[in-house]
Amino acid sequence: MKQYKIAIAGTGYVGLVAGVCLAEKGHQVICVDVDENKVQKMKEGICPIYEEGLQELMQKNYKVGRIDYTTDYKSAYKDVDAIFIGVGTPEQPDGSANLSYVATVSRQIAESIEKDCLVVVKSTVPVGTNDKVEQFIKDSLVHNVKVGVASNPEFLSQGRAVKDTLEAKRIIIGTESKEAEKILMEIYEPFNLPIVSVSRRSAEMIKYASNDFLALKISYMNDIANLCELVGANIEDVAKGMSYDPRIGEKFLNAGIGYGGSCFPKDTKALKYLAKQNGYKLRTVEAAVDVNVEQKTKLYKKACDRLITFNGLKVAILGLAFKPGTDDLREAPSIDNIELLLKQGAKIYAYDPVAKENLEKKYRRKNNLCKNTRRSFRRC
Ligand SMILES: NC(=O)c1ccc[n+]([C@@H]2O[C@H](COP(=O)([O-])OP(=O)(O)OC[C@H]3O[C@@H](n4cnc5c(N)ncnc54)[C@H](O)[C@@H]3O)[C@@H](O)[C@H]2O)c1
Numbered sequence: 003m004k005q006y007k008i009a010i011a012g013t014g015y016v017g018l019v020a021g022v023c024l025a026e027k028g029h030q031v032i033c034v035d036v037d038e039n040k041v042q043k044m045k046e047g048i049c050p051i052y053e054e055g056l057q058e059l060m061q062k063n064y065k066v067g068r069i070d071y072t073t074d075y076k077s078a079y080k081d082v083d084a085i086f087i088g089v090g091t092p093e094q095p096d097g098s099a100n101l102s103y104v105a106t107v108s109r110q111i112a113e114s115i116e117k118d119c120l121v122v123v124k125s126t127v128p129v130g131t132n133d134k135v136e137q138f139i140k141d142s143l144v145h146n147v148k149v150g151v152a153s154n155p156e157f158l159s160q161g162r163a164v165k166d167t168l169e170a171k172r173i174i175i176g177t178e179s180k181e182a183e184k185i186l187m188e189i190y191e192p193f194n195l196p197i198v199s200v201s202r203r204s205a206e207m208i209k210y211a212s213n214d215f216l217a218l219k220i221s222y223m224n225d226i227a228n229l230c231e232l233v234g235a236n237i238e239d240v241a242k243g244m245s246y247d248p249r250i251g252e253k254f255l256n257a258g259i260g261y262g263g264s265c266f267p268k269d270t271k272a273l274k275y276l277a278k279q280n281g282y283k284l285r286t287v288e289a290a291v292d293v294n295v296e297q298k299t300k301l302y303k304k305a306c307d308r309l310i311t312f313n314g315l316k317v318a319i320l321g322l323a324f325k326p327g328t329d330d331l332r333e334a335p336s337i338d339n340i341e342l343l344l345k346q347g348a349k350i351y352a353y354d355p356v357a358k359e360n361l362e363k364k365y366r367r368k369n370n371l372c373k374n375t376r377r378s379f380r381r382c
């Protein structure tokens, strides 16, 4: 195996997991983040996010000197073979993806690299962004070096990010040159996983098309669940019956409180926006978004039908993160419901095994956080 010297820009769920797994597979990795506290924590062996198995791998690879963390992007980027970009691409008010973090990293790369280098965009970005990143970096280079840009979207699922990376179902690489393709093939060779090599634009689209398909599946099942309630069918039995059909598959058939998190909500809106920009109406994805907006507060509305008011009532909220196994509260349906309940004057007793601290940071004194489910029930 050829060992590559790799820098990672951004140590969130995607960047940190990618960095740690690349180190675990034998590459030399330096992780860069703008957040000094985070970098300090990581240097002490503390994982800044909750992901099963991540802290152990961080400590193991730090001990043998295969991974390090820094805020000093200049020295980190200057002589590496590849730089993976894993910064956020959050939603803007109009639904489009905010590419300002990607733009900042691109500028930092252009001013820092002193050696030929492949820039790999892992962040989820609209089709055509890799082309712009390449042009921008080439136009802004300070040193006379050769730079290529490749797309390598990430498909990990929070809560099982390490496993999803080390045992990924597929690795998508989007390149426009044989050289870039060869480097990425070699970087991923020790993972021994299926690699699908396509153009950069196709790789960018594969990411959105995959996420939006899953969001659509969730909204479809929620839509069917709502109809089941009206006609006296049991959605769990219906899902079970559907799941045996290999054309449908058994995953993502659970009806519930709607999707949340840092990906599905923004990626559905970003694709809808991209379609609109290109004069196309993406009706299926629009329907998935509409169903989800209503689904998130359906429980609350049901409760409202039964109670005169929530004012002064104690309400237990069990489960805060947008799904199990993560501490991420971004776009979690729990937050929409807590907001509505607080507005009505309810007193919240909330519990989540791993997302408690994040809720505490978000609300400070507004809520009572309970140490366990029994305590939150007792107080209500
Ligand atoms: N979270 C997921 O499950 C997931 C899965 C697949 C793809 N993605 C995509 O990956 C990207 C990153 O998502 P995330 O959830 O890891 O984000 P995140 O918000 O958890 O992490 C982003 C990190 O980048 C850092 N950062 C910002 N500017 C920087 C700079 N100039 N240099 C270095 N670091 C910088 C931030 O401090 C932060 O630590 C997004 O585009 C997202 O859509 C996320």
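Start counting at 1 in the sequence shown, then tack on 2, and there's your number in this note's numbering. Heads up, the beta-carbon is just placed ideally off N, CA and C, and yes, glycines get one too.
Check                                                                                                                                                                                 : Outcome
Restricting to Cα atoms, I'd like to know which of V19, G314, K7 and L232 is closest to V164.                                                                                         : V19
With C-beta atoms as the reference, is V104 less than 8 Å away from V122?                                                                                                             : no
If Y302 and N339 are in contact, beta carbons under 8 Å, what's the gap, nearest whole angstrom?                                                                                      : 5 Å
Provide the residue(s) that pair with G176 in DSSP beta bridges, ordered along the chain.                                                                                             : S153 and V200
Indicate whether D214 and L158 have their beta-carbon atoms separated by less than 8 Å.                                                                                               : no
Pick out the complete alpha helix (DSSP H) segments inside the segment 282–319, 4 residues or longer, and give them in chain order.                                                   : 285–298 and 300–308
Please classify D307: is it buried, with 16 or more other beta-carbons within 10 angstroms of its beta-carbon, or exposed?                                                            : exposed
Relative to the C-alpha of K45, which candidate in E53, D35 and Y52 has its C-alpha closest?                                                                                          : D35
Give every residue of the same chain whose Cβ lies closer than 8 Å to the Cβ of N236, excluding the five residues on either side of it in the sequence, and list them in chain order. : C230
Which partner residues of E116 appear in the DSSP bridge assignment?                                                                                                                  : Per DSSP, none; premise fails for E116.
Tell me whether E252 is buried or exposed, calling it buried when 16 or more other Cβ atoms sit within 10 Å of its Cβ.                                                                : exposed
Mind checking which residues open and close the beta strand (DSSP E) that includes C33?                                                                                               : Q30 to V34
When you compare the segment 258–272 with the segment 202–218, are there three or more beta-carbon pairs, one atom per stretch, that lie closer than 8 Å?                             : yes
Got a sec, what are the start and stop residues for the alpha helix (DSSP H) T167 sits in?                                                                                            : A163 to L168
Given that a residue counts as buried once 16 or more other Cβ atoms are within 10 Å of its Cβ, and exposed if not, what is P196?                                                     : exposed
Enumerated in chain order, which unbroken segments of the alpha helix (DSSP H) with a length of 4 residues or greater are wholly contained in the segment 227–288?                    : 237–245 and 266–279
Give me, in chain order, the residues of the same chain whose beta-carbon lies closer than 6 Å to that of D118; leave out the 5 immediate sequence neighbours on both sides.          : V147 and K148
If the criterion is Cβ atoms closer than 8 Å, does the pair S108 and I69 meet it?                                                                                                     : no
Could you tell me whether any non-hydrogen atom of ligand 1 is closer than 7 Å to the CB of V36?                                                                                      : yes
Near G260, which residues of its chain fall below 7 Å by C-beta distance, leaving aside the five closest residues on each side in sequence?                                           : N224, N294, Q297, K298 and P335
Suppose you measure from the CA of D364 to the CA of I115; what does that come to, to the nearest Å?                                                                                  : The question names Asp, but residue 364 in the sequence shown is Lys. Those two C-alpha atoms are separated by around 38 Å.
Between I174, F193 and L322, which has its C-alpha nearest M3's C-alpha?                                                                                                              : F193
Pick from V291, M60, L361 and G67: whose alpha carbon is nearest that of Y387?                                                                                                        : Outside the modelled stretch of the chain, which goes from 3 to 382, sits residue 387, for which no answer is possible.
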